[in-house]
Amino acid sequence: EADLTNGAIIAAASQTSIVGSVILSASLYASMYNQSCSACQENRYQTCSSTTNTCQCPGNSYWNGSMCPLQLFENAACSQIDACRSDLNLSCIINSYGGFTQCLIGINLFTIFVYENTKIVQIETMSDYASLRSNDGVVSPNYNFLFDENILE
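Counted from 1, the sequence shown has number 108 at position 108 by the UniProt record's numbering; the numbering is strictly sequential.
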C-alpha cells in the first residue's frame, strides 16, 4: 500500500506482478460514512464495523472529514491523531501548542481530562512532547488533572 507521496514500483524478474491505482474522491465516501451497514454492502471504499454496525474506513485508512485516505508512514506530516499507521507503532505527535505535527514511532500518549467543579470541560490526548497550556499560558487553579498514560508498544 502506498500513495503518491511514498512507495515505489520496482522492476522485478517476475512477469506476474500486477500494479494498479485508485483515484479517491470525497463523493465516494460522504454519502455512506457512519451510515447503516446496508449503505456500504459490496463497496470497496468503506467496510461495515461489527461493533457500531455503521460504514467505516477500511483498515490502514482513516476518516479525514471527507474521505478515507491511507494512513501515513514514518516522518509524514499529520493533522489528526488517527492519521498514522498504528500497526507500525506510529503516532501523530502533538507539539507544545496542541497542534498535530508528524508521524513518529513509539510515542507515549497521555489522555488529559480537565475538570472544573466535577464537570469535564476538556479532554485532550497528547504526546509526551506536548504540554498543556490555556490561551493565556496559565492553567486555571480550578482545574484538577487526571492522567491516563497509554504507552504504545
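Quick reminder that beta carbons are idealized off the backbone N, C-alpha and C, glycines included.
Of the residues the options, the one placed nearest residue i, counting alpha carbons only
i      : options                         : result
Arg-44 : Tyr-33, Thr-52, Asp-87, Tyr-97  : Tyr-33
Thr-51 : Ser-36, Ser-21, Tyr-97          : Ser-36
Gly-99 : Ser-91, Gln-80, Asp-87          : Gln-80
Ser-38 : Gly-20, Leu-24, Ser-27, Thr-54  : Thr-54
Ser-21 : Ser-96, Cys-103, Cys-92, Leu-70 : Leu-70
Leu-72 : Thr-16, Leu-28, Cys-92          : Cys-92
Run of the beta strand (DSSP E) containing residue i, from where it starts to where it stops
i       : result
Phe-73  : Run containing Phe-73: none; DSSP gives neither H nor E here.
Thr-101 : 100-105
Leu-90  : 90-94
Coil, strand or helix - residue i by DSSP
i           : result
Leu-24      : coil
Ser-38      : helix
Ser-49      : coil
Ser-31      : coil
Ser-86      : helix
residue 154 : Residue 154 lies beyond the residue range present for the chain, which begins at 1 and ends at 153; the question has no answer from this structure.
Ser-61      : strand
Integer Cβ distance of residue i from residue j, believed to fall under 8 Å
i      : j      : result
Gln-56 : Gln-46 : 6 Å
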